[in-house]
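Trainee: Quick one: structure below, then a few questions.
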Amino acid sequence: RVSPLLLELATIHLNKFSNKTNPCEIKALLFDVGGVITASPLLKINHLEEEHNLEKGTLGKVLKSCELFHDLEKGKVRMDDTVLHNLDLHLNQHLKPENFIDSNKLIQCIESCVETPLAEVVELIRHLKTLGYKVGIVSNVFFSGEKAVGIYGTSLLHDLSPSCIVLSCEVGSRKPEKEIFQIALDKLGVSPEETIFVDDIKQNLRAAKEMGMATIHADPNQLCSHWIAELNKKLLKR
167 RVSPLLLELA
177 TIHLNKFSNK
187 TNPCEIKALL
197 FDVGGVITAS
207 PLLKINHLEE
217 EHNLEKGTLG
227 KVLKSCELFH
237 DLEKGKVRMD
247 DTVLHNLDLH
257 LNQHLKPENF
267 IDSNKLIQCI
277 ESCVETPLAE
287 VVELIRHLKT
297 LGYKVGIVSN
307 VFFSGEKAVG
317 IYGTSLLHDL
327 SPSCIVLSCE
337 VGSRKPEKEI
347 FQIALDKLGV
357 SPEETIFVDD
367 IKQNLRAAKE
377 MGMATIHADP
387 NQLCSHWIAE
397 LNKKLLKR
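Start counting the sequence shown at 167; every next residue gets the next number (my numbering).
As structure tokens, this is what we get:
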């Protein structure tokens with residue numbers, strides 16, 4: 167049974183071809199993975215903060231300022247015991263002893279969220295492809311051993327057959343850097359104005375918007391049906 171959201175997409179597609187005068191017609195969609203195609207790591211991190219009596223957002227701020235974590239996502243270093251030890255030092259240097267965070271537990275939180283895709287989003291991506299849209303993946307991720315973590319190291323992403331998969335640890339650039347977006351746009355052969363980008367982190371969305379892309383926030387506190395409905399509206403406006 168086709169969901170109402172996908173039926174709405176089909177209607178949008180028919181309308182698109184009945185009016186070809188729009189110079190900024192959307193041709194491609196870029197999706198993040200964690201928090202968009204799969205469950206959100208942000209929610210798991212929030213639960214970890216609660217367990218350790220930390221203010222919500224504390225770990226996000228720490229990771230945002232952690233050059234070692236950025237190097238992990240850029241593929242400059244790979245996850246091993248030494249990296250975990252140094253992450254422990256960075257994570258806990260401003261925390262009280264009773265709030266100690268085990269970096270290995272934090273990494274496991276992130277990995278556990280990107281193992282299984284959300285069925286409704288998988289259905290959406292497949293339907294978008296049948297309607298002729300180019301679909302790309304742009305995600306910050308790090309190597310664990312020889313493979314990218316979670317879903318990235320499996321065939322699941324490839325089974326969706328996106329037009330491109332751009333992973334930060336493979337291209338040496340991470341969101342919100344504009345270089346990683348440009349790599350994806352070049353692979354798809356589209357301009358920013360012809361592209362919609364979906365992510366759960368507002369900072370990443372701001373960078374894409376500055377380049378000229380339309381953006382959608384996949385709010386981790388809402389069901390994916392909310393941002394899918396917003397996507398439908400954006401496509402209809404175009």
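All residues carry an ideal CB built from backbone N, CA and C; glycine is no exception.
In this text the structure is predicted, and so the values were computed from the model without any measurement.
Checking the sheet assignment: what are the DSSP bridge partners for Cys330?
Mentor: DSSP output for Cys330 lists Gly302 as bridge partner(s).
Trainee: Across which residues does DSSP place Val364 in a beta bridge pair?
Mentor: Partner(s): Phe197, Ile382.
Trainee: Asn252 and Leu234 look like a contact to me (Cβ under 8 Å); what is the Cβ gap, rounded to whole Å?
Mentor: Asn252 to Leu234, Cβ: 6 Å. Contact.
Trainee: Looking at C-alpha atoms only, which residue of Cys335, Ile291, Arg372, Glu360 is the closest neighbour of Thr407?
Mentor: Limits of the chain in this structure are 167 at one end and 404 at the other, which puts residue 407 out of reach.
Trainee: If we call anything under 8 Å between Cβ atoms a contact, is Ile362 one with Leu397?
Mentor: For Ile362 and Leu397, yes; Cβs fall inside 8 Å.
Trainee: Determine whether the Cβ of Gly200 lies closer than 8 Å to any Cβ atom of chain D.
Mentor: Judged by its chain identifiers, the structure shown contains no chain D, having just a single protein chain.
Trainee: Need the endpoints of the alpha helix (DSSP H) that Val228 sits in, please.
Mentor: That run of the alpha helix (DSSP H) goes 224-230.
Trainee: Would you call the CB atoms of Asn265 and Leu208 closer than 8 Å?
Mentor: Cβ distance not < 8 Å, so Asn265 and Leu208 don't count as in contact.
Trainee: Taking 7 Å as the cut-off, is the C-beta of Ile192 nearer than that to any heavy atom in the ligand GTP?
Mentor: As presented, the structure is devoid of all ligands, the ligand GTP included, so that no description of it is given.
Trainee: Apart from the five residues just before and just after Trp393, which ones in its own chain have a Cβ nearer than 6 Å to its Cβ?
Mentor: Cβ within range, chain order: Ile382, Ala384.
Trainee: Starting from the Cα of Glu277, find the closest Cα among Val199, Val337, Glu360 and give me that residue.
Mentor: Selected option, being the one with the closest Cα: Val199.
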